[in-house]
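The working numbering puts the first residue of the sequence shown at 499, with every later residue one more than the last.
Below is one structure, written out as structure tokens, with a few remarks after it.
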Amino acid sequence: MDDSPPDSPPLRHRIEEAYLHELRSEGRAPLSVFRFCQNLGITEREFFSEYPSLEAVERHWWKGMLEHVIHSVESGPEWSGFTARQRTLAFLFAFLEASLDHRSLFLLRHGLSSPVKPVPEWSALEDRFDVFAHSLLQHGKVQGEIVNRGPLTAAYPKALRLLLRSVVAFHLKDDSPKFERTDAFVEKSVAVLFDLIGRQALDSGFDLMRFLLPGAMNRA
């Protein structure tokens with residue numbers, strides 16, 4: 499039985515906080531439910547009343563972080579007047595800003611991974627992001643900003659998901675002052691994506707290549 503005082507945080511919150519503390523301090527997730535519950539002072543029954551597994555704790559936390567960012571940008575006074583491109587930029591910058599509070603966790607899960615390879619702990623986050631991406635794309639279609647390219651249209655949400663992973667990967671490797679290169683990467687990458695699904699990618703694609711490979715482009 500949980501003997502926490504009446505004003506203590508809800509059990510689910512306590513479990514998440516203890517899980518994240520161990521993940522940050524040990525550099526790995528808790529190894530067993532039994533030991534985790536013992537350290538937290540709860541029973542296994544109490545744990546499983548909240549989560550089906552230790553892995554589910556982290557998946558739920560990542561999804562909650564994303565939900566908070568989405569709510570933050572969607573409740574902004576300018577959101578309704580933004581184009582799909584502007585909404586994507588606003589979301590990515592807000593997500594990166596929120597990530598600074600949890601950079602150690604991002605490094606643990608994404609520091610060595612490729613943007614094209616899914617991170618298991620992000621499965622629930624990416625499911626929620628796909629819903630958000632569909633809403634962005636639908637807004638762009640209604641406004642005439644995004645065009646239908648037949649079968650390729652089905653790949654648009656995946657392209658947005660890959661964009662999110664790529665931005666995170668770039669940000670984690672960015673050592674420029676105040677992450678200035680990440681800001682430029684976000685703007686140029688979003689320009690390329692929306693040219694691909696809207697007009698054309700030639701100009702923005704060349705601009706991104708010149709940004710990523712300055713030496714090679716100067717020799718071209």
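For every residue, glycine included, the Cβ atom is placed at its ideal position computed from N, Cα and C.
Under DSSP, the alpha helix (DSSP H) around residue i begins and ends at which residues?
i: I600; result: Before going on, a small fix: residue 600 reads as His here, not Ile. Counting along the chain, H600 falls outside any alpha helix (DSSP H), and DSSP gives it neither H nor E.
i: Y517; result: 509 to 524
Going by beta carbon distance, what residues of the same chain come within less than 6 Å of residue i, once the five residues before and after it are set aside?
i: W559; result: E514
i: L590; result: V665, V684
For residue i, which residues from the same chain have a beta carbon less than 8 Å from its beta carbon, with the 5 sequence-adjacent residues on both sides left out?
i: A527; result: Y517, E520, L521, L552, E553, E556
i: S687; result: L661, S664, V665, L706
Would you grab the beta carbon distance between residue i and residue j for me? Rounded to a whole angstrom, and I think it's under 8 Å.
i: V567; j: F593; result: 5 Å
i: E643; j: T581; result: 6 Å
i: R510; j: E565; result: Between E565 and R510 the Cβ distance is about 14 Å, and since that is not below 8 Å, they are no contact.
Looking only at its own chain, which residues have a Cβ that is under 7 Å from the Cβ of residue i, when we skip the five neighbours before and after it?
i: T651; result: none
i: H532; result: Note that residue 532 corresponds to Phe in the displayed sequence, not to His. Cβ within range, chain order: E542.
i: G696; result: E643, I644, V645
i: L670; result: F604, L605, H608, G609
So what's residue i in DSSP terms, helix, strand or just coil?
i: F580; result: coil
i: M715; result: Low confidence applies to M715: its pLDDT is 46, below 50, so where it sits in the model is not reliable enough to give any reading.
i: E542; result: helix
i: G642; result: coil
i: D500; result: With a pLDDT of 49 at D500, under the threshold of 50, the modelled position of that residue is not reliable, and the figure given next carries that caveat. Three-state DSSP puts D500 in coil, outside helix and strand.
i: I568; result: helix
What residue from the options has the CA that sits closest to residue i's CA?
i: W727; options: L603, S523, S633, H669; result: Nothing can be reported for residue 727, as the shown portion of the chain is limited to 499 through 718.
i: R647; options: F692, A588, P575; result: F692
i: D672; options: E524, C535, G574, L710; result: L710
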